[in-house]
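Enquirer: After the structure tokens below, expect a handful of questions from me.
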């Protein structure tokens, strides 16, 4: 005779928190080679905990820190959910910023303070405990679960793409859930179903063999900084539309249904502007602010430099100038194609009398889950059951290459089910995770499996 | 019975060189307070040497190093020439770069090696010796001579403008001669009769309270670097003409006669371009290269900076960006008016959604001597007598505020009679002055007085 889920979750609250504390006490700082043993200890802790609860669990060795791969297959025909997270943490420094030991979890004012409490040990562990509880309460729930919990997220997921390729079949899933971020303020239950891609370039302009004296040469030579400015100014028209030929060709228009959902999001444009001290919220003409932020491609100069930048004056004509230029991309733009188009346009805009080099720093694909699909549907249903309200559905202009990789390699819809809060101070001293939100996360994770099983 | 000038100059060659050595041995490094006594010693050396030769000579005390003022008045109705130079020198560092002691003049391969040999002790001392010789040989020559030799040129002539104002009547002159530079390669006797002025501004653009994440905010906020690029690109039209309204209003066209002289200058545009590694020599349309370099106003971006300039990529939207922008000015542009126009145009070009600050770093007037006037005429005649050929008449895009100050405060035509060579390594180790060019300078200075006396 099993215990019903709600009672089980209730009975296990203290135990769940105790186990989270045990997990948080392991200083799994992936950036510090001195902690390599601790990182492995955290992986082993998860593997053993999952194996104890009926998972086939093992470490996936990499050239860096191992990942934990754990599977529980109920029925090959049942839907499969892959839960991704990471057990490594940022360094705790500066230590003097912490009120308590970063690796001795402490509860104050209803929150657990520890490095990794929110990013991401607390959130991924909520899934581990939620999934275990669900299967303890309802062992026959027709849903297969795979955990992929890596140990290198804080060092750039160095070996994750290789692992996804190598274990593609084992990782096959219908739905991917990632909990590694913050929900909207409130707290407001939030589901993020879309991320932008990216193409990041650097353009370098050279106009002469060396910097030249503006008195001796002014009026007779090209100027790298001026040429660069002209070139950058040509990347958008006066209305703010990106002028790169072909840039918008593959942009998918949002549906009326999605536009209607955007309008429902509690988003205050004035508060947005006030919070960051901008005088206006300019952008592509004819598009609402939220559509621009979430569903339209953008282009920004990320940095610019050349010539004399010190105090005062120096009468030099710069021989070199550079700018970093990047675009955030949306469905169905191909990052490599956009990088090609941007490079071609940068070269075309450059005056003949300067040399232009273009360096490609990064490209990354966008990700978008089907709003009507199983991932979004089940996550929303779980939130309704636990929170008694609908989640807010959001997209973001941010880019998470691993999410796009899940989408492209596994063909799975990916939903971001953020459990933390914006003020959790991730990567900073006094990182915390609200105790209630941890328990809520455990519950949401369990309900997610139930919802997926119901189909 | 006096000795004729040529014989006198010949007899005194060794003595002139010996006296130059004595002058060069004084380490009159104006930038180094430890050398303040040496600086004063160099001033006293000049004062005494001029007083010994019939000049009313004294030190003009300032809040810094003194200047030497020496006058020899023959006839109040005779023309007066003011000879300006400086007796202070750059620091000799790096000392390991010198083959011999910078303050122990040494002759090698026909050149005197010492700090200040060319810049400017050697050149100003050639005038001192030439003027003395002329008056020893022809004491009644109807020309009045004033020497103004300052001790702060290498620290920016800090107190010179005040001294000019304070002693304006004593400094009154018809003609000003400055020898503190290099003639064209060859060596080619060179007279520089025009200098450009300057207006140097900095424009700072602010778009937000802080740098913003390009994922979270891209498409919804202004970008300081992009706004700056647009603004700078608007300073010139596609043909290279400066677009600042009113900028060209007061520009004086060069005469046909001057244009004809420009065409005679041995200037090789291909060699000019090759020497500095430029692919072309762009500029204001419809104007020859030399006219642009010497007689047309120019505008350059001297530096630009904002956002992320490190290696690799950072996805930031810069909240601030800045550029240094300067113009070189020609007759009859007023530097303050041009600075006003530039500032107004920069502000007008800025998008409404950013804040723009404009800082004025410097303005300086142009200078232009009358090609048909006494200064140019007498200097050219002196060169013809000594070198047996016509000088090349040049203007420069460079700016020397003190020259413009002589022009404006004394109402005198100023001519630059450069005695050094481009490879004299001024401000660097192994500075030198060709011995023959020193003696030539002495002779040219003496002939200059004769030519002025002839009228």
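Chains as they are written, first to last, in my numbering: chain A, 24 to 478; chain B, 24 to 478.
Every residue gets a Cβ at the ideal spot worked out from N, C-alpha and C, and that includes glycine.
Would a check of beta-carbon distances place residue 246 of chain B closer than 9 Å to chain A?
Expert: Chain A contact via Cβ: present.
Enquirer: State yes or no: is the C-beta of residue 304 of chain A within less than 9 Å of the C-beta of residue 238 of chain B?
Expert: No, these two residues do not count as a Cβ contact at 9 Å.
Enquirer: Counting only the same chain and skipping the five closest in sequence on each side, list residues whose C-beta sits under 6 Å from that of residue 43 of chain A.
Expert: Taken in chain order, the residues that qualify are 148.
Enquirer: May I ask you to list the residues that DSSP assigns as paired with residue 107 of chain A?
Expert: Answer by DSSP bridge pairing, in chain order: A:171 and A:201.
Enquirer: Residue 143 of chain B and residue 203 of chain B - do their beta-carbons sit closer together than 9 Å?
Expert: Going by C-beta atoms, residue 203 of chain B is nearer than 9 Å to residue 143 of chain B.
Enquirer: If you draw a straight line from the C-alpha of residue 370 of chain A to the C-alpha of residue 379 of chain A, how long is it?
Expert: Using only the alpha carbons, I get a separation of about 7 Å.
Enquirer: Let me check understanding here. Comparing Cα to Cα, which of A:461, A:476 and A:365 lies closest to residue 401 of chain A?
Expert: That would be A:476, whose Cα lies nearest to the Cα of residue 401 of chain A.
Enquirer: Whose CA, out of B:463, B:217 and B:398, lies closest to the CA of residue 389 of chain B?
Expert: Checked all of B:463, B:217 and B:398; the closest Cα to residue 389 of chain B is B:217.
Enquirer: At a cut of 8 Å, does the stretch 342-359 of chain A reach the stretch 342-350 of chain B through at least three beta carbon pairs?
Expert: The stretch 342-359 of chain A vs the stretch 342-350 of chain B: no contact.
Enquirer: So with CB distances below 8 Å, who are the chain A contacts of residue 351 of chain B?
Expert: Result: 237, 238, 241 and 242.
Enquirer: Mind checking if residue 233 of chain A is an interface residue toward chain B, Cβ cutoff 9 Å exclusive?
Expert: Cβ-Cβ to chain B under 9 Å: yes for residue 233 of chain A.
Enquirer: According to DSSP, is residue 187 of chain A part of a helix, a strand, or is it coil?
Expert: Of the three classes helix, strand and coil, the one that applies to residue 187 of chain A here is helix, per DSSP.
Enquirer: Judging by CA-CA distance, which residue of B:228, B:350, B:300 and B:190 is the nearest neighbour of residue 82 of chain B?
Expert: The shortest C-alpha separation from residue 82 of chain B is found at B:190.
Enquirer: At a CB distance below 7 Å, what residues from the stretch 314-334 of chain B approach chain A? Give them in sequence order.
Expert: Against chain A - using a Cβ distance shorter than 7 Å - the residues of the stretch 314-334 of chain B are 315, 316, 319, 321, 323, 324, 325, 326, 327, 328, 329, 330, 331 and 332.
Enquirer: At the 9 Å Cβ level, is residue 336 of chain A part of the contact set with chain B, yes or no?
Expert: Interface residue, yes.
Enquirer: Hey, is residue 211 of chain B's beta-carbon within less than 9 Å of any beta-carbon in chain A?
Expert: Residue 211 of chain B does not count as touching chain A.
Enquirer: Of all Cβ atoms in chain A, is any one closer than 9 Å to the Cβ of residue 295 of chain B?
Expert: Yes, residue 295 of chain B counts as interfacial toward chain A.
Enquirer: Distance check for residue 49 of chain A and residue 30 of chain A, CA to CA, integer angstroms please.
Expert: Their Cα atoms are separated by approximately 30 Å.
Enquirer: If you measure from the beta carbon of residue 420 of chain A to each beta carbon in chain B, is any gap under 9 Å?
Expert: Output row for residue 420 of chain A: interface = yes.
Enquirer: Assuming residue 109 of chain B contacts residue 172 of chain B under a Cβ cut-off of 8 Å, what Cβ separation, rounded to an integer in Å, is found between them?
Expert: That pair is a contact at about 6 Å.
Enquirer: Counting only Cβ-Cβ distances shorter than 9 Å, please list the residues of the stretch 99-123 of chain B near chain A, keeping chain order.
Expert: The stretch 99-123 of chain B vs chain A, Cβ under 9 Å: nothing.
Enquirer: Kindly list the residues whose CB is nearer than 7 Å to the CB of residue 141 of chain A, restricted to its own chain and excluding five residues on each side of it in sequence; keep chain order.
Expert: If we look at residue 141 of chain A and ignore the five residues flanking it on each side, its Cβ neighbours are 443, 447, 449, 454, 455 and 456.
Enquirer: Who are the Cβ neighbours of residue 338 of chain B in its own chain at under 8 Å, not counting the five residues just before and after it?
Expert: So the list reads 236, 237 and 238, once near-sequence residues are dropped.
Enquirer: From residue 94 of chain B to residue 317 of chain B, what distance separates their C-alpha atoms?
Expert: For residue 94 of chain B and residue 317 of chain B, the distance between alpha carbons rounds to 34 Å.
Enquirer: Who pairs with residue 221 of chain B in a beta bridge, going by DSSP?
Expert: For residue 221 of chain B, which the question treats as bridged, DSSP gives the partners B:351 and B:387.
Enquirer: Can you tell which of B:223, B:333, B:413 and B:411 has the C-alpha that lies nearest to the C-alpha of residue 325 of chain B?
Expert: Nearest of B:223, B:333, B:413 and B:411 to residue 325 of chain B, Cα basis: B:223.
Enquirer: Does the Cβ of residue 127 of chain B have 16 or more other Cβ atoms within 10 Å, making it buried, or fewer, making it exposed?
Expert: Exposed: under 16 other Cβ atoms inside 10 Å.
Enquirer: Rank B:451, B:408, B:428 and B:412 by C-alpha distance to the C-alpha of residue 470 of chain B and give the top, closest one.
Expert: Cα-wise, what sits closest to residue 470 of chain B is B:408.
Enquirer: Taking DSSP as the reference, what is the three-state secondary structure of residue 367 of chain B?
Expert: The answer is helix: DSSP assigns residue 367 of chain B an H, G or I state.
Enquirer: Any contact of the stretch 173-193 of chain A with the stretch 241-256 of chain A, i.e. 3+ C-beta pairs under 8 Å?
Expert: Result no; under three Cβ-Cβ pairs closer than 8 Å.
Enquirer: When the distance is taken between beta carbons, is residue 410 of chain A closer than 9 Å to residue 289 of chain A?
Expert: No, Cβ-Cβ distance for residue 289 of chain A and residue 410 of chain A is not below 9 Å.
Enquirer: Between residue 426 of chain A and chain B, is any beta-carbon pair separated by less than 9 Å?
Expert: With 9 Å as the cut-off, residue 426 of chain A does not count as an interface residue toward chain B.
Enquirer: Starting from the C-beta of residue 164 of chain A, find all residues in its chain whose C-beta is less than 8 Å away, skip the five residues before and the five after it, and write them out in chain order.
Expert: Closer than 8 Å at Cβ, skipping near neighbours: 97, 157, 158, 472, 473 and 476.
Enquirer: Mind checking the stretch 378-402 of chain A against chain D and listing, in chain order, the residues whose C-beta falls within less than 7 Å of any C-beta there?
Expert: Included in the structure are the protein chains A and B, with no chain D among them.
Enquirer: Give the secondary structure of residue 271 of chain B by DSSP, where H, G and I count as helix, E and B as strand, and everything else as coil.
Expert: Note: residue 271 of chain B maps to coil in three-state DSSP.
Enquirer: Give the straight-line distance between the Cα atoms of residue 240 of chain A and residue 301 of chain B, rounded to the nearest whole angstrom.
Expert: Straight-line Cα distance between these residues: approximately 11 Å.
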